[in-house]
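Q: Numbering (numbering that gives the first Met the number 0), first residue to last: 0 to 166.
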Amino acid sequence: MRYAQIRDMDISNGEKIGVALFTSGCRFYCKNCFNKELWDVKSGNLWSKEVEDNFLTLAKPDYISRISILGGEPFIDENLTDLEKLVKRIKETYPNKKLWIYSGYTYEELLERAKNILNYVDILVDGKFVEELKDIRLKFRGSSNQRIIDMKETNKQGKIVLSSLNK
Numbered sequence: 000m001r002y003a004q005i006r007d008m009d010i011s012n013g014e015k016i017g018v019a020l021f022t023s024g025c026r027f028y029c030k031n032c033f034n035k036e037l038w039d040v041k042s043g044n045l046w047s048k049e050v051e052d053n054f055l056t057l058a059k060p061d062y063i064s065r066i067s068i069l070g071g072e073p074f075i076d077e078n079l080t081d082l083e084k085l086v087k088r089i090k091e092t093y094p095n096k097k098l099w100i101y102s103g104y105t106y107e108e109l110l111e112r113a114k115n116i117l118n119y120v121d122i123l124v125d126g127k128f129v130e131e132l133k134d135i136r137l138k139f140r141g142s143s144n145q146r147i148i149d150m151k152e153t154n155k156q157g158k159i160v161l162s163s164l165n166k
């Protein structure tokens with residue numbers, strides 16, 4: 000896995016204050032994507048145990064309530080192995096911090112692609128950014144087709160449960 004950026008005081012990719020990891024690589028090529036520089040799977044830096052340790056240390060303070068993973072596209076094939084290890088470690092280390100993941104894949108596609116990873120996620124923001132559906136009034140997403148899914152309730156109920164943040 001490669002990554003382009005780590006934010007240690009992120010206030011825009013989920014509720015409250017968090018840390019954010021921007022993975023490299025995306026094959027959706029959404030029109031007017033705000034992270035086009037992350038499309039190249041070879042861009043950015045190589046993910047390593049040392050980088051992972053540092054990232055988790057950034058999440059340690061009590062005022063950090065959330066960890067967000069976005070990109071690029073976290074769920075591309077090249078990222079899946081490291082992403083699964085990372086989300087497991089995040090939830091083992093910080094079971095009470097919310098784990099948000101943003102993906103251009105839909106929940107339904109991710110069930111087939113990476114169901115095991117979804118088991119660790121608290122909030123999934125799914126769906127490609129669609130320029131024609133862009134709405135700057137939306138919280139935590141760029142276009143109205145994207146959903147903010149409460150994964151704990153979705154897993155519990157066996158059907159998609161949208162977060163109250165969708166309003």
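For every residue, glycine included, the Cβ atom is placed at its ideal position computed from N, Cα and C.
#1: If contact is defined by three or more beta carbon pairs under 8 Å, each pair taking one atom from either stretch, is the region 130-137 in contact with the region 90-105?
#2: Under 8 Å: do the region 37-47 and the region 114-124 share three or more Cβ pairs, one atom per stretch?
#3: Going straight from the alpha carbon of Gly126 to that of Arg112, what length do you get?
#4: Might you give, ordered along the chain, the residues of its own chain that have their beta carbon closer than 7 Å to the beta carbon of Ile116, omitting 5 neighbours on each side?
#5: Give me the Cβ distance between Phe74 and Ile5, rounded to the nearest whole Å; I'm assuming they're in contact under 8 Å.
#6: Within a Cβ cutoff of 7 Å, which residues of the same chain sit near Tyr2, ignoring the five residues on either side of it in sequence?
#7: Looking at the secondary structure, which residues open and close the beta strand (DSSP E) in which Arg88 lies?
#8: Gln4 by DSSP, collapsed to three states: which one?
#9: To the nearest angstrom, how far is the alpha carbon of Ile66 from that of Lys30?
#10: In three-state DSSP terms, what is Arg146?
#11: Might you give, ordered along the chain, the residues of its own chain that have their beta carbon closer than 6 Å to the beta carbon of Asn34, omitting 5 neighbours on each side?
A: This is what the structure gives:
#1: Taking a cut-off of 8 Å for Cβ pairs, the region 90-105 and the region 130-137 do not touch, as fewer than three such pairs fall below it.
#2: The region 37-47 vs the region 114-124: no contact.
#3: Translated into the one-based positions of the sequence shown, residue 126 becomes position 127. Translated into the one-based positions of the sequence shown, residue 112 becomes position 113. Approximately 14 Å between the Cα atoms of the pair.
#4: By one-based count along the sequence shown, residue 116 stands at place 117. Short of 7 Å from the beta carbon of Ile116, and not among the five residues preceding or following it, lie these beta carbons of its own chain, in chain order: Leu82, Glu83, Val86.
#5: Working through the sequence shown from its first residue, we reach residue 74 at position 75. Working through the sequence shown from its first residue, we reach residue 5 at position 6. That belief does not hold up - the Cβ atoms of Phe74 and Ile5 are roughly 19 Å apart, past 8 Å.
#6: Position 3 of the sequence shown, counted from the start, is the residue given in the question as residue 2. Excluding residues within five positions, the ones whose Cβ falls inside 7 Å are Leu20, Phe21, Thr22, Ser23, Gly43, Asn44, Trp46.
#7: Indexing the sequence shown from 1 puts residue 88 at position 89. Element bounds for Arg88: not the beta strand (DSSP E) but the alpha helix (DSSP H), 79-92.
#8: Counted from its first residue, the sequence shown places residue 4 at position 5. Looking at Gln4 - three-state DSSP - the assignment turns out to be strand.
#9: Residue 66 sits at position 67 when you count from the first residue of the sequence shown. Residue 30 sits at position 31 when you count from the first residue of the sequence shown. Spanning the two alpha carbons is a distance of roughly 27 Å.
#10: As a working note, residue 146 is residue 147 in the sequence shown. Reduced to three states, the DSSP call for Arg146 is strand.
#11: Here the question's residue 34 lines up with position 35 in the sequence shown. Non-local C-beta neighbours of Asn34 in its own chain, meaning closer than 6 Å and more than five positions away in sequence, are absent.
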